[in-house]
Amino acid sequence: MYDYYKILNIPRNASVDEIKRAYRNKAKTVHPDVNNSPKASEFFTIVNEAYETLLDDKKRYLHDAKLNYADITKANAEKKKNYYGSSVKNDTYTNTNKNSTFQYDWHSIKKAAYKFKDDNYYFKRSPVMYNALFVSGMFLGFLIAIVTIVGTLKDYWPVPFILIAVIGFILIQQGWKGIMGKQTFLDNIKKWLKKKK
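Be aware that the sequence shown starts at 234, since it is given in our numbering, and climbs by one per residue.
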């Protein structure tokens with residue numbers, strides 16, 4: 234049995250707001266989309282289970298009852314151990330869940346959540362979406378540049394308004410860099426010319 238309070242790192246008398254806040258913080262580090270650990274989905278499932286249980290009054294009451302029973306059982310086992318020594322059978326509290334240590338291994342899963350993901354990671358994951366992002370940025374930049382330049386030349390707005398076109402040119406340049414693998418246009422022309430020779 235998991236202690237959902239320990240999983241979310243909150244006290245047993247935590248309010249609904251504290252539970253929601255703790256869940257959001259924990260989900261940010263263990264969600265499979267942001268965490269590379271092979272156990273990320275398993276961790277996320279348990280975090281969701283903890284959240285749903287603690288928000289439901291009936292489920293929370295039953296969970297608290299189980300925790301209290303486990304605490305009493307553990308305390309009694311410790312008393313027996315202290316009184317009789319370790320030679321007595323069943324003198325220690327044993328958790329029937331084989332994965333009982335799993336809930337406390339948050340350190341390794343947190344480390345996996347913060348691994349740096351470079352452009353190659355996103356490109357390999359979805360090349361079409363990766364390039365579509367840069368193409369749409371270039372298209373938006375082109376629109377901004379054209380609209381501001383044409384609008385200024387036709388006297389729709391004052392001349393200083395043309396400076397907004399700079400944003401459009403920046404978007405075009407960044408989009409081009411993204412598509413060409415962070416290389417400039419001249420670098421690619423040089424490579425093309427070298428291949429021709």
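We treat Cβ as the ideally placed atom computed from N, Cα and C, and that holds for glycine.
Query - Nearest to Leu-300 (by Cα), restricted to the options Val-383, Tyr-237 and Phe-276 - result: Within the sequence shown, residue 300 is the residue found at index 67, counting from 1. Relative to Leu-300, the option among Val-383, Tyr-237 and Phe-276 whose CA is nearest is Tyr-237.
Report task. Rounded to whole angstroms, what's the CA-CA distance from Asn-364 to Gly-384? Just pull it up for me. Result -> On the sequence shown, residue 364 is found 131 positions in, with the first residue counted as 1. On the sequence shown, residue 384 is found 151 positions in, with the first residue counted as 1. C-alpha separation (whole angstroms): 30 Å.
Report task. Measure the alpha-carbon distance for Ala-283 versus Gly-411 and round it to whole angstroms. Result -> As a first step, residue 283 is located in the sequence shown; it is residue number 50 there, counting from the start. As a first step, residue 411 is located in the sequence shown; it is residue number 178 there, counting from the start. Straight-line measurement puts the Cα of Gly-411 at about 41 Å from the Cα of Ala-283.
Requested in this report: Please name the residue in Gly-370, Lys-253, Lys-314 and Phe-276 whose C-alpha comes closest to that of Pro-265.
Outcome: Position 32 of the sequence shown, counted from the start, is the residue given in the question as residue 265. If we check each option's Cα against that of Pro-265, Phe-276 comes out closest.
Query raised in the report: By the 10 Å Cβ neighbour count, where 16 or more other Cβ atoms means buried, how is Thr-278 classified, buried or exposed?
Result: As a working mapping, residue 278 is identified with position 45 in the sequence shown. With fewer than 16 other Cβ atoms within 10 Å, it is exposed.
Query raised in the report: Of the residues Pro-391, Lys-387 and Val-380, which one's Cα is nearest the Cα of Val-401?
Result: The residue given as residue 401 occupies position 168 in the sequence shown. A quick correction: the sequence has Gly, not Val, at residue 401. Selected option, being the one with the closest Cα: Val-380.
**Report entry** Alpha carbon of Phe-375 to alpha carbon of Asn-269, nearest angstrom
**Finding:** Within the sequence shown, numbered from 1, the residue matching residue 375 stands at position 142. Within the sequence shown, numbered from 1, the residue matching residue 269 stands at position 36. A direct Cα-Cα distance of roughly 37 Å separates Phe-375 from Asn-269.
Query raised in the report: Helix, strand or coil: which one does DSSP assign to Trp-425?
Result: For the purposes of this step, residue 425 is taken as the residue at position 192 of the sequence shown. Looking at Trp-425 - three-state DSSP - the assignment turns out to be helix.
Query raised in the report: Do Val-280 and Val-263 have their C-beta atoms closer together than 9 Å?
Result: Here residue 280 refers to the residue found at position 47 when the sequence shown is read from its first residue. Here residue 263 refers to the residue found at position 30 when the sequence shown is read from its first residue. Yes, the Cβ-Cβ distance between Val-280 and Val-263 is below 9 Å.
Report task. Note down the Cα distance separating Leu-288 from Tyr-316, rounded to an integer number of angstroms. Result -> As a first step, residue 288 must be located in the sequence shown, where it is residue number 55. As a first step, residue 316 must be located in the sequence shown, where it is residue number 83. Going by the C-alpha atoms only, they are around 40 Å apart.
Requested in this report: Taking only the alpha-carbon atoms, compute the straight-line gap between Gly-370 and Glu-285 and give it to the nearest angstrom.
Outcome: Start at 1 with the first residue of the sequence shown, and residue 370 comes out as number 137. Start at 1 with the first residue of the sequence shown, and residue 285 comes out as number 52. If you take the alpha carbons of Gly-370 and Glu-285, they lie about 40 Å apart.
Query - Residue range of the unbroken alpha helix (DSSP H) whose run includes Pro-360 - result: In the sequence shown, the residue the question calls residue 360 occupies position 127. In this chain, the alpha helix (DSSP H) harbouring Pro-360 covers 360-386.
**Report entry** Cα-Cα separation, Ala-310 to Leu-295
**Finding:** Against the sequence shown, residue 310 aligns to sequence position 77. Against the sequence shown, residue 295 aligns to sequence position 62. Within the model, the alpha-carbon separation for Ala-310 versus Leu-295 is close to 22 Å.
Query raised in the report: Where Ile-397 and Ile-377 are concerned, what is the direct C-alpha to C-alpha distance, given to the nearest angstrom?
Result: Here residue 397 is taken as the residue at index 164 of the sequence shown, counted from 1. Here residue 377 is taken as the residue at index 144 of the sequence shown, counted from 1. For Ile-397 and Ile-377, the distance between alpha carbons rounds to 7 Å.
Query raised in the report: Rounded to a whole number of angstroms, what is the C-alpha to C-alpha distance between Lys-423 and Arg-358?
Result: The count along the sequence shown starts at 1 and reaches residue 423 at position 190. The count along the sequence shown starts at 1 and reaches residue 358 at position 125. Straight-line Cα distance between these residues: approximately 29 Å.
Query raised in the report: Less than 8 Å between the CB of Ile-377 and some heavy atom of the ligand COA, yes or no?
Result: Of ligands this structure carries none, so the ligand COA is not represented either.
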